[in-house]
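Trainee:
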């Protein structure tokens with residue numbers, strides 16, 4: 006029998022608590038300060054512009070900006086749609102991967118995609134999907150095209166290209182998260198029991214495995230959703246531009262030469 010590990014001394018616990026507080030301050034302090042200043046500007050307080058009293062004028066100005074309703078609709082459509090699509094594809098991939106003995110190969114296959122920057126992925130996808138892109142060039146000899154088709158496959162008004170780009174980037178992340186979570190679930194035994202009760206494999210996976218998997222992946226899915234709703238770089242490359250998604254519009258308003266645009270931009274950021 007080995008000797009028991011010594012308990013942490015009071016000084017060690019104090020240093021650990023001090024380190025946790027320091028890290029928390031470094032991470033949270035800038036965020037809280039920025040949120041405080043944004044909240045003040047969102048409700049009309051910006052001393053640099055002589056605004057020193059609470060007001061709802063920034064919210065009225067935000068609602069009156071042209072294209073704000075369309076930008077909000079595009080943001081919800083692309084963010085929620087890409088998240089649901091990525092979740093469905095990742096779930097299907099994991100359901101197939103768990104039926105194969107070489108699950109580690111799937112993890113190694115997906116890992117390199119996480120290292121690709123979002124903007125680089127968006128540029129590559131734009132070259133593939135553009136009317137004069139690689140897909141169109143492969144189809145052109147068969148279809149008899151002598152010029153690119155008049156189709157808005159990139160920067161389309163519905164944000165379909167942006168949704169595809171987000172799905173391509175987020176599916177590998179969700180797959181790796183799911184495979185890691187599935188290692189904590191006796192998938193084989195549960196599926197065997199469900200199959201013995203007469204369920205098909207797909208139905209058994211949805212009714213037996215997915216309810217156990219969801220609590221473990223809920224936070225990563227919310228991370229994917231929050232990124233899809235706030236992405237800027239991929240939305241600039243693949244998304245519509247007139248009007249753009251809300252995140253891109255806010256970026257433009259914050260950078261507007263008119264400093265008064267900071268007020269409605271802050272309201273939109275909240």
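Numbering (the numbering used here), first residue to last: 6 to 275.
Even for Gly, the Cβ is constructed at its ideal location relative to N, Cα and C.
Taking residue 249 and residue 162 to be in contact with their CB atoms under 8 Å, please state how far apart those CB atoms are, rounded to whole angstroms.
Mentor: That belief does not hold up - the Cβ atoms of residue 249 and residue 162 are roughly 11 Å apart, past 8 Å.
Trainee: Shortest alpha-carbon distance to residue 48 belongs to which of 55, 61, 56?
Mentor: When each option's Cα is compared against that of residue 48, the closest is 61.
Trainee: Are at least three pairs of beta-carbons, each pair with one atom in the stretch 80 to 98 and one in the stretch 168 to 176, less than 8 Å apart?
Mentor: Output reads yes: the stretch 168 to 176 touches the stretch 80 to 98.
Trainee: Given 8 Å as the limit, is there contact between the stretch 138 to 154 and the stretch 55 to 74, that is, 3 or more CB pairs closer than that?
Mentor: The stretch 138 to 154 is not in contact with the stretch 55 to 74.
Trainee: With DSSP as the reference, label residue 21 as helix, strand or coil.
Mentor: Three-state DSSP puts residue 21 in a helix.
Trainee: Within 8 Å of any Cβ in chain D, is that where the Cβ of residue 46 sits?
Mentor: You won't find chain D in this structure, because it holds only one protein chain.
Trainee: Does the beta-carbon distance from residue 63 to residue 272 come in below 8 Å?
Mentor: Yes.
Trainee: Touching or not, the stretch 132 to 140 and the stretch 182 to 192, by the rule of three or more beta carbon pairs under 8 Å?
Mentor: The answer is no - the stretch 182 to 192 does not touch the stretch 132 to 140, with fewer than three Cβ pairs under 8 Å.
Trainee: Ignore the nearest five residues each way along the sequence and tell me which others in residue 7's own chain have a CB closer than 6 Å to its CB.
Mentor: Confidence in residue 7 is poor, its pLDDT being 48 and thus under 50, which makes the residue's placement too unreliable to answer from.
Trainee: Residue 54 lies in the alpha helix (DSSP H); which residues open and close that run?
Mentor: Residue 54 -> no alpha helix (DSSP H), and no H or E assigned at all.
Trainee: Check whether the Cβ of residue 133 sits closer than 7 Å to any heavy atom of the ligand GDP, and report yes or no.
Mentor: Annotation note on the ligand GDP: not contained in the displayed structure, which lists no ligands.
Trainee: What first and last residue would you give for the alpha helix (DSSP H) that runs through residue 162?
Mentor: Here residue 162 belongs to no alpha helix (DSSP H), and DSSP marks it neither H nor E.
Trainee: By a C-beta neighbour count over all protein chains shown, 10 Å radius and 16 as the cutoff for buried, is residue 38 buried or exposed?
Mentor: Result: exposed.
Trainee: What's the call for residue 225, buried or exposed, on a 16-neighbour Cβ count within 10 Å?
Mentor: By the 10 Å Cβ count, residue 225 comes out buried.
Trainee: Cβ atoms of residue 230 and residue 88: under 8 Å apart, would you say?
Mentor: Yes, Cβ-Cβ distance for residue 88 and residue 230 is below 8 Å.
Trainee: Among the residues of its own chain, which have a CB less than 6 Å from the CB of residue 210, if the five just before and after it don't count?
Mentor: Same-chain partners within the cutoff: 100.
Trainee: Let me know the secondary structure DSSP gives residue 255 once reduced to three states.
Mentor: Of the three classes helix, strand and coil, the one that applies to residue 255 here is helix, per DSSP.
Trainee: Which whole-angstrom value describes the C-beta separation of residue 222 and residue 180, a residue pair presumed to lie in contact below a C-beta threshold of 8 Å?
Mentor: Residue 222 to residue 180, Cβ: 10 Å. No contact.
Trainee: Report yes if the CB atom of residue 196 is closer than 8 Å to the CB atom of residue 206, and no otherwise.
Mentor: Yes, Cβ-Cβ distance for residue 196 and residue 206 is below 8 Å.
Trainee: With burial defined as no fewer than 16 other Cβ atoms inside 10 Å of the residue's Cβ, what is the status of residue 41: buried or exposed?
Mentor: Exposed, by the Cβ-count rule.
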